[in-house]
Every structure is written in structure tokens, then in C-alpha cells.
Amino acid sequence: MVTFPKMWIPVALTLVCTHLLVNGFEGEQWSRVQQLREQIEDSEAANIVRQGCLEPYVTVGDQCLFFATFAELSYQDARQMCHSLDGELAAVLTATRLKNIIDYINENGIAGHSFWLGGSDAAQEGVWLWTDGQRVPMGAPFWGFVKLDVLEPDGGAAENCLLLNADGFHYFRDSSCSLLRTPLCMYAQ
Ligand SMILES: [Ca+2]
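In case it helps, mature numbering (1 follows the signal peptide of the UniProt record, and there is no 0) puts the sequence shown at residues -24 to -1, 1 to 165.
Structure, rendered in C-alpha cells:
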């Protein structure tokens, strides 16, 4: 079997994508692009497991995260900070990930911070999306309680950014995007 050095995969993918953009998409070529994408993602995932996370990111469950406890920024500025660290504000797609994050926060003495996640309903009120366009899960066990039997979000158009709020045991809360809070970045390379 011919081995294909991993370092050439992004180059190959770029060439394939460029070719497709110039010549139009065809089913067979598109499925090959998808295969290459999966190959890249699998390779990256395997490397992360073997080598751990690049500093300043730490391993939390199956993610490489950076709790930027030195910073208090607006949502947009927090995003920019994560971008500058080859990351993005974190997405929390599963209850297991949320549990792992809350455990980490409590075990590392940083529970006094409220953390920005990369979720927003600014584009369409009530439709919460991660930065990559995936839907943010709604309801329990992700969102905190406003009061007994009433779950967040409750802020309407005034609160369009997703916060792990210190006062709410770090469950999801919709908040004003201009609040100065702590970025929670995920490595995104
Ligand atoms: Ca809103």
C-alpha cells in the first residue's frame, strides 16, 4: 500500500477543492473530498489523543480547551482572542461535554468565572447556533433554570450570546453580548 504523508493531505485537499471550484462539483469528486475531509479529521483526532493538547489548551474529555481566566471580554472580542490562539469559542454539543467542563471548572478553582461559549441567536431570535452553524441543544440538561420549571433562555432580543454563568452553576444562560466575561476557547485546527 502506498503511504501518503499526512502533511500532504491539506495540500491535496486544497488542490481538489480548487479543481472543483474551477470545474464545478460532480458527485464522485465531491464524495472524494468528503473522504479526504474525514481522513484529515480522523488523523487530527488520533494525534490529539496520542500527544495531548497544545499549550495553552488542556484536555477536557474529548476536547482541547483553554479557560482564559486572565481575560474579561465582550463576546466578539472573546471570539477574536480564541481565533488568535488557533481556536474558536467552545461548542458544547453533548451533555457529557458539559459535565466534563463543569467538573473541570469546579476542580480547578475557577468557578467564580462566567465563560463565553461560541453560541448565539443574534442572526435569528430564538434560533441558537454554534459558530459553525450547528444547532445549540435546547432544554435540559444544558440550559439553566430561570425559576422552578422555567428554563433559560429568557432574554429575548436583549440577550443573544451564550454564557456558562457562574451564578447558575455554569449551565447555559442567554446574556447580553456586551458583558465582559471569560473566553472559553476550543482548539480548532
Ligand atoms: Ca436572544
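Using N, Cα and C, we set each Cβ at its ideal position, and we do this for glycine too.
| query | result |
| --- | --- |
| So is the beta-carbon of A98 under 7 Å away from any non-hydrogen atom of ligand 2? | Ligands present in the displayed structure are limited to ligand 1, and ligand 2 is not among them. |
| Measure the alpha-carbon distance for M57 versus P159 and round it to whole angstroms. | 8 Å |
| Would you list the residues sitting across from E64 in a DSSP beta bridge? | M162 |
| Quick one, are the C-beta atoms of I77 and V36 less than 8 Å apart? | yes |
| Exposed or buried, what is H146 when buried is set at 16 or more other beta-carbons lying within 10 Å of its beta-carbon? | buried |
| Quick one: residues in its chain with C-beta nearer than 7 Å to the C-beta of L65, no 5 flanking neighbours on either side, listed in chain order? | A54, R55, C58, W92, L93, G94, T107, P159, L160 and C161 |
| Does Q52 pass the burial test, meaning 16 or more other C-beta atoms within 10 Å, or should it be called exposed? | exposed |
| So S50 and C153 are supposed to be a Cβ contact under 8 Å. How far apart are they, rounded? | 6 Å |
| So the candidates are F46, L140, A44 and T70; which of them puts its Cα closest to the Cα of D38? | T70 |
| Who are the Cβ neighbours of Y33 in its own chain at under 7 Å, not counting the five residues just before and after it? | C40, L41, F42 and Y163 |
| Return the first residue and the last residue of the beta strand (DSSP E) that T45 is part of. | Run containing T45: none; DSSP gives neither H nor E here. |
| Does the distance between the C-beta of G131 and the nearest non-hydrogen atom of ligand 1 fall short of 7 Å? | yes |
| With burial defined as no fewer than 16 other Cβ atoms inside 10 Å of the residue's Cβ, what is the status of A67: buried or exposed? | buried |
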